[in-house]
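Novice: Under this note's numbering, the residue at position 85 of the sequence shown is numbered 76, and the numbers go up by one with no gaps.
Each residue gets a CB set at the ideal place from its N, CA and C atoms; glycine is no exception.
For clarity, every value in this text was computed on a predicted model and none was experimentally measured.
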Amino acid sequence: MTSRNEALFQRAQRSIPGGVNSPVRAFRSVGGTPRFLARAEGARVWDADGKEYIDYVGSWGPAIAGHAHPAIIEAVREAALKGLSFGAPTESEVDMAELICAMLPSVEMVRLVSSGTEATMSAIRLARGFTGRDAIVKFEGCYHGHADSLLVKAGSGLLTFGNPSSGGVPADFAKHTIVLDYNDLQQVEDVFKARGDEIAAIIVEPVAGNMNLIKPQPGFLEGLRRICTEYGAVLIFDEVMTGFRVGPQGVQGLYGITPDLTTLGKVIGGGMPVGAFGGRRDIMEKIAPLGSVYQAGTLSGSPVAVAAGMVSLQLTREAGFYERLTASTQRLVAGLAAAAKDAGVTFSADSVGGMFGVYFADKVPASFAQVMATDKERFNRFFHAMLEAGHYFAPSAFEAGFVSVAHGEAEIDATVAVARAVFAQLG
Ligand code: PLP
């Protein structure tokens, strides 16, 4: 069944560490052989054996209009014909910056980069340069890319300095990262009371999508805003995953909160490598060449990537886009939850816009600890049974899922019908 996938995986492991260029792709969490994807269109992907899947990963978010949307492909083709990269400013990047500023009221100025990691890394440097402070606060289970100071996870507990959670991160860097529990505002209050004048920024996934899907509890984001304002720290919403996916103004629009800086990625590239960070003008003016905080990129604002991103963003502005996206996602999670209930399987599910979480637990988790306590072994069996039947979910119990507007009722109902049979066998 997976003969070419297996052969490719064997071959890949000889020349690429673990056979993959980003760790989650290796299926380590769920076991088995990763599918090497050859093609994608709309709501579907095809693997190296030609097997078809309904896809709930969507390239981890960007395929919001469906894979290989004809208008995006055409824009890429047209841009490529004019040259791939110039290393000089272009009109299209001005268009893109103006569009992002128009779509996100908190963003007065924006700089384009090539990945989410670059966006968060640069936003942290900027917050440090702006405030003249070194420490930052992040939350356990939130992923902000792989810059050194953000690859620090646990050591949860008040006033505890983080320990590096990746090899190669000097303890001297990690000590500036304070790691707290998501949705625990009291910890944030306490840490700021003790050390507020040392803290440059709070960085948060305003809806967390990297420990499965976890929503902010009422008052959490509002509290972060209040504390940052009180202590002069920069509030950074990392909307690399949520930006333009949960709604037309990201999480900030949904909850009505104005961060000082926002980081974006994935979705604004429509499948091409783009990221961005932007926000308050007085902060953004600290970046070179205006200010002293250095940040640069040879391929930043790539005309081909920007062309894809512009069309992708414009598609999201079409009437009814988010209503359709949200309705499809809700249909999926309601269908899965009902099917699990009928089969007597302990299960819950949740969604925001086009993002969803499925949890083998009796209620939707609200914290990192609660996500860790879900039944991972059952998730893995569910994942493999669905995959075998042609439904491609994220290969980890700790990742969010993604729906696109190309997922119509036919696709969603087909997935739910298969899940019903799978739940019945899970026992
Ligand atoms: N921030 C968030 C919230 C993310 O989900 C990710 C990637 O998954 C990143 C940052 C890093 O983005 P990239 O993988 O483009 O470097």
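Inspect the CB distances between the stretch 307 to 317 and the stretch 238 to 255 and report whether three or more fall short of 8 Å.
Specialist: Put simply, the stretch 307 to 317 touches the stretch 238 to 255. At least three CB pairs are less than 8 Å apart.
Novice: By how many angstroms is the C-alpha of H135 removed from the C-alpha of N201?
Specialist: 9 Å
Novice: Our contact map puts Q286 next to S105 with C-beta atoms below 8 Å; I'd like the distance itself, whole angstroms only.
Specialist: With a Cβ gap of about 12 Å, Q286 and S105 do not count as contacting.
Novice: Let's see if you can read the secondary structure: which residues bound the alpha helix (DSSP H) around E379?
Specialist: Per DSSP, the unbroken alpha helix (DSSP H) holding E379 starts and ends at 367 to 379.
Novice: The ligand PLP heavy atoms versus the CB of G311: any closer than 6 Å?
Specialist: no
Novice: With a 10 Å radius around its C-beta and 16 neighbouring C-beta atoms as the bar for buried, classify S13 as buried or exposed.
Specialist: exposed
Novice: Going straight from the alpha carbon of P8 to that of A17, what length do you get?
Specialist: If you take the alpha carbons of P8 and A17, they lie about 10 Å apart.
Novice: Can you give me the C-alpha to C-alpha distance between L215 and L141, rounded to a whole angstrom?
Specialist: 18 Å
Novice: With 16 other CB atoms within 10 Å as the buried threshold, where does E65 fall?
Specialist: exposed
Novice: Would you mind sorting R2 into buried or exposed? The rule is 16 or more other CB atoms within 10 Å of its CB.
Specialist: exposed
Novice: Less than 6 Å separating the Cβ of H375 from some heavy atom of the ligand PLP?
Specialist: no
Novice: What does a CB cutoff of less than 7 Å around G10 pick up in its chain, not counting 5 residues either side in sequence?
Specialist: F0, A3, Q4, A17
Novice: Does M232 come out as helix, strand or coil in the three-state DSSP assignment?
Specialist: coil
Novice: Any chance the stretch 22 to 42 sits against the stretch 224 to 238, with 3 or more Cβ pairs inside 8 Å?
Specialist: no
Novice: From the DSSP secondary-structure annotation, give me the bridge partner or partners of G260.
Specialist: According to DSSP, which records beta bridges pairwise, G260 is partnered with nothing at all.
Novice: Can you pull the DSSP bridge partners for I45?
Specialist: DSSP lists R35, H382 as partners of I45.
Novice: Would you kindly work out how many angstroms separate the C-alpha atoms of K367 and L75, rounded to a whole number?
Specialist: 44 Å
Novice: Determine, using beta carbons only, whether A318 and A328 come nearer to each other than 7 Å.
Specialist: Cβ distance not < 7 Å, so A318 and A328 don't count as in contact.
Novice: I'd like to check one pair, G266 with A110: are the Cβ atoms closer than 7 Å?
Specialist: yes
Novice: Residue range of the alpha helix (DSSP H) that S6 falls in?
Specialist: -6 to 6
Novice: Suppose you measure from the CA of L150 to the CA of P294; what does that come to, to the nearest Å?
Specialist: For L150, the predicted structure reports a pLDDT of 30, less than 50, and the residue's modelled location is therefore unreliable. A value from the coordinates is still provided. Annotation: L150 to P294 spans about 45 Å, alpha carbon to alpha carbon.
Novice: Around the Cβ of G153, are there at least 16 other Cβ atoms within 10 angstroms (buried) or fewer (exposed)?
Specialist: Caution is warranted here: a pLDDT of 46 is assigned to G153, below 50, making its placement in the model unreliable, and no coordinate value can be reported.
Novice: Comparing C-alpha positions only, which one of Q361, V198, V324, A165 sits nearest to V422?
Specialist: A question about residue 422 goes unanswered here, because the residues of the chain that appear run from -8 up to 418.
Novice: Within 6 Å: the Cβ of T108 and any heavy atom of the ligand PLP?
Specialist: yes
Novice: Kindly indicate the opening and closing residues of the beta strand (DSSP E) around K129.
Specialist: 126 to 130
Novice: Along the chain, where does the alpha helix (DSSP H) that runs through R102 open and close?
Specialist: Where R102 is concerned, there is no enclosing alpha helix (DSSP H), although the beta strand (DSSP E) it sits in stretches over 100 to 104.
Novice: Between which two residues does the beta strand (DSSP E) containing S342 stretch?
Specialist: S342 -> beta strand (DSSP E) spans 339 to 343.
Novice: For G348, which three-state DSSP category applies?
Specialist: In the structure shown, G348 falls within a strand segment according to DSSP collapsed to helix, strand and coil.
Novice: Regarding D251 and the ligand PLP, is the C-beta to nearest heavy atom distance less than 6 Å?
Specialist: no
Novice: For R271, which of helix, strand or coil comes out of DSSP?
Specialist: coil
Novice: Is the closest heavy atom of the ligand PLP to the C-beta of H167 under 6 Å?
Specialist: no
Novice: Are the stretch 89 to 103 and the stretch 163 to 172 in contact at 8 Å, needing three or more beta carbon pairs?
Specialist: no
Novice: Since R102 and F370 should fall inside the 8 Å C-beta cutoff, what is the C-beta to C-beta distance between them, to a whole number of angstroms?
Specialist: With a Cβ gap of about 38 Å, R102 and F370 do not count as contacting.
Novice: Write down every uninterrupted run of the alpha helix (DSSP H) in the stretch 163 to 192 whose length is 4 residues or greater and which is fully enclosed by it, in chain order.
Specialist: Those alpha helix (DSSP H) runs which fall completely within the stretch 163 to 192 and span 4+ residues are 176 to 186.
Novice: Would you call the CB atoms of V195 and F130 closer than 7 Å?
Specialist: yes
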